[in-house]
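Reviewing the structure listed below.
In the numbering used here, the protein residues as written are 7 to 648.
This is how it looks when you write it as structure tokens:
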């Protein structure tokens with residue numbers, strides 16, 4: 007038996023390298039072997055910080071007797087869901103035909119052509135609570151394979167057909183009005199837990215995309231987001247020592263968390279709390295939460311090379327034994343004597359883009375150098391190691407790059423993060439890199455000549471989706487749904503909207519609107535699953551206000567203040583605008599030269615820092631003090647009210 011996982015990029019796969027199971031990594035070789043032996047395929051999907059994945063590994067995959075049975079009757083594939091999100095999405099959708107209890111570890115049985123015919127999640131070593139043991143499942147599936155092959159083939163074909171039909175389902179609709187979005191906020195409020203915060207009952211997740219939508223929705227939306235963030239921030243879901251948030255809680259009062267900590271959750275909660283800090287400057291809770299997350303990201307999650315780890319484990323070794331959450335339940339003094347839970351040091355492009363964007367926005371609102379330096383370090387790492395002339399890299403660890411295809415989320419999230427960094431630093435080169443990523447996704451969609459039942463999405467992942475799935479006709483359209491984080495569709499749509507606001511061209515606005523229309527029907531029916539799309543819809547119906555404040559060259563425009571222009575810069579940071587940039591005179595020229603027309607002819611006024619406030623590219627005369635800037639906003643408000 008060969009050890010095919012020992013050199014894997016994924017820490018999750020490496021953790022299984024010593025199993026007696028003859029694991030294959032995701033790829034053609036496993037399916038070739040299954041076809042040659044005419045045996046079913048077991049596809050086991052998880053990730054490095056998944057608690058129940060660890061449990062099943064210890065209980066079943068480390069058992070030599072069970073492993074012998076598995077090796078004899080199956081070809082076993084181990085998949086890191088974060089390295090191969092397309093694979094995970096496809097088989098998670100297939101699993102929904104067999105169980106309502108979806109999650110990880112995901113255990114899928116498939117034919118040698120990759121079509122699922124049975125699936126579940128965690129299976130125990132002994133039957134318990136109505137669950138069969140994993141050994142019983144293996145025996146039953148093996149018997150069905152030998153004796154009822156026709157039924158298996160029919161089930162596999164029906165599931166594959168249902169997936170293809172669902173992928174092409176019509177979800178299009180008209181763009182909503184501001185009033186419709188207010189009704190969506192009211193709909194979400196009906197599901198609010200007024201006692202503990204959050205939405206629904208147990209288990210309870212922070213639902214970052216929805217909180218970001220609410221935090222950017224004036225009035226009732228922001229009030230709902232503020233209540234939720236305050237209650238979550240004071241709950242067991244948040245680590246009181248370093249400020250990071252855990253993935254979810256098993257109880258409605260946020261107690262008994264599942265203690266793994268995800269980069270995606272913390273980046274989005276940082277974005278939401280920063281927006282709430284700007285909207286509610288007198289409330290100390292959002293800023294305290296934001297600064298705690300900044301500290302957690304910079305001190306715990308950022309790797310020496312610059313990128314961010316994807317997650318931190320829930321387990322650690324305490325007194326010689328594995329302990330779930332024990333480290334996090336300890337106070338600061340006790341933790342200093344304990345080994346902290348390990349990091350999944352896999353650097354994911356899209357997830358890092360979320361963190362870069364959140365930290366960059368925090369730098370603008372707080373005038374904070376720490377968050378800006380952290381964002382720039384991560385961006386430099388990704389631009390050097392993940393953005394390549396021939397492709398965008400999905401994942402890496404140390405110097406090892408994954409062969410997995412970058413997804414649309416990688417393009418959209420990184421582009422959005424780089425645009426926020428461009429606005430925070432005043433450096434046009436980050437915006438140019440973002441535009442290049444988006445242009446590649448637009449070009450890939452334009453080159454897609456396949457048949458479509460509805461208007462195709464305006465973005466496609468350059469290079470296409472997972473080739474193993476595609477070869478078997480199992481590749482799905484990019485899923486626009488967003489539970490725990492933005493979809494690739496909405497991430498790209500946010501990026502193109504920002505590019506339009508910066509004056510990169512009207513085609514970007516058209517692409518954003520096309521993406522919103524494509525998923526509007528589903529988003530308005532199930533808002534809890536489309537928070538990022540709803541946030542873009544809210545951006546699109548709000549008055550378009552573009553604010554560019556230009557300071558003299560040689561001034562620290564972003565973080566440390568600009569001397570005599572401090573008051574104007576502070577007013578700019580707190581101003582309600584669709585897009586805000588604080589740049590030096592030479593930086594404004596660089597943006598304009600790079601094709602961002604918003605910055606054309608934006609300069610100083612009589613040698614002094616000047617704010618240029620525009621309403622959909624129609625600009626008022628520049629002003630040089632904070633009171634005059636606020637007066638411009640009042641004029642707009644009066645005109646709107648009338």
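Note that beta-carbon positions come from the ideal geometry of N, C-alpha and C, so glycine has one too.
With 16 other CB atoms within 10 Å as the buried threshold, where does residue i fall?
{"i": "residue 343", "result": "exposed"}
{"i": "residue 645", "result": "Confidence at residue 645 is low in this model, with a pLDDT of 37, below 50, so the placement of that residue is unreliable and no value is reported for it."}
{"i": "residue 154", "result": "exposed"}
{"i": "residue 497", "result": "buried"}
{"i": "residue 547", "result": "exposed"}
{"i": "residue 612", "result": "exposed"}
{"i": "residue 52", "result": "buried"}
{"i": "residue 227", "result": "buried"}
{"i": "residue 86", "result": "buried"}
{"i": "residue 9", "result": "exposed"}
{"i": "residue 252", "result": "buried"}
{"i": "residue 592", "result": "exposed"}
Please report the residue range of the beta strand (DSSP E) in which residue i lies.
{"i": "residue 324", "result": "321-324"}
{"i": "residue 32", "result": "It is not in any beta strand (DSSP E) - residue 32 carries neither H nor E in the DSSP assignment."}
{"i": "residue 113", "result": "112-116"}
{"i": "residue 328", "result": "327-330"}
{"i": "residue 126", "result": "122-126"}
{"i": "residue 403", "result": "401-403"}
Quick one: grab the DSSP three-state call for residue i.
{"i": "residue 260", "result": "coil"}
{"i": "residue 599", "result": "helix"}
{"i": "residue 59", "result": "helix"}
{"i": "residue 134", "result": "strand"}
{"i": "residue 265", "result": "coil"}
{"i": "residue 606", "result": "coil"}
{"i": "residue 611", "result": "strand"}
{"i": "residue 314", "result": "strand"}
{"i": "residue 567", "result": "Because the pLDDT of residue 567 is 43, which lies under 50, any placement of that residue in the model is unreliable, and the question is left without a value."}
{"i": "residue 244", "result": "strand"}
{"i": "residue 75", "result": "helix"}
{"i": "residue 488", "result": "strand"}
{"i": "residue 205", "result": "strand"}
{"i": "residue 398", "result": "strand"}
{"i": "residue 198", "result": "strand"}
{"i": "residue 43", "result": "helix"}
{"i": "residue 630", "result": "coil"}
{"i": "residue 387", "result": "helix"}
{"i": "residue 66", "result": "helix"}
Among the options, which has the Cα closest to the Cα of residue i?
{"i": "residue 632", "options": "542, 589 and 574", "result": "574"}
{"i": "residue 436", "options": "600, 619 and 264", "result": "600"}
{"i": "residue 522", "options": "69, 33, 501 and 392", "result": "501"}
{"i": "residue 361", "options": "382, 503 and 166", "result": "382"}
{"i": "residue 121", "options": "371, 73 and 478", "result": "478"}
{"i": "residue 532", "options": "473, 630, 193 and 596", "result": "193"}
{"i": "residue 304", "options": "285, 374 and 336", "result": "374"}
{"i": "residue 608", "options": "406, 549 and 508", "result": "508"}
{"i": "residue 234", "options": "291, 269 and 261", "result": "291"}
{"i": "residue 656", "options": "118, 116 and 107", "result": "Residue 656 lies beyond the residue range present for the chain, which begins at 7 and ends at 648; the question has no answer from this structure."}
{"i": "residue 433", "options": "605, 482, 198 and 241", "result": "605"}
{"i": "residue 334", "options": "325, 328 and 320", "result": "320"}
{"i": "residue 603", "options": "554, 510 and 551", "result": "510"}
{"i": "residue 282", "options": "336, 301, 221 and 315", "result": "221"}
To which residues does DSSP link residue i through a beta bridge?
{"i": "residue 553", "result": "586 and 619"}
{"i": "residue 156", "result": "Partner(s): none; residue 156 has no beta bridge."}
{"i": "residue 83", "result": "30 and 49"}
{"i": "residue 625", "result": "620"}
{"i": "residue 255", "result": "210 and 263"}
{"i": "residue 350", "result": "317"}
{"i": "residue 516", "result": "Answer by DSSP bridge pairing: none, since residue 516 is not bridged."}
{"i": "residue 308", "result": "314"}
{"i": "residue 653", "result": "Past the boundaries of the shown model lies residue 653; the chain is included only from 7 to 648, so the question cannot be answered."}
{"i": "residue 393", "result": "398"}
Along the alpha helix (DSSP H) that carries residue i, what are the first and last residues, could you check?
{"i": "residue 226", "result": "226-239"}
{"i": "residue 441", "result": "434-452"}
{"i": "residue 576", "result": "572-580"}
{"i": "residue 102", "result": "Unbroken run through residue 102: none, as it is neither H nor E."}
{"i": "residue 413", "result": "Note, residue 413: premise wrong, no alpha helix (DSSP H); not H, not E."}
{"i": "residue 543", "result": "537-547"}
{"i": "residue 363", "result": "355-372"}
{"i": "residue 302", "result": "290-302"}
{"i": "residue 341", "result": "338-341"}
{"i": "residue 500", "result": "494-507"}
{"i": "residue 21", "result": "17-21"}
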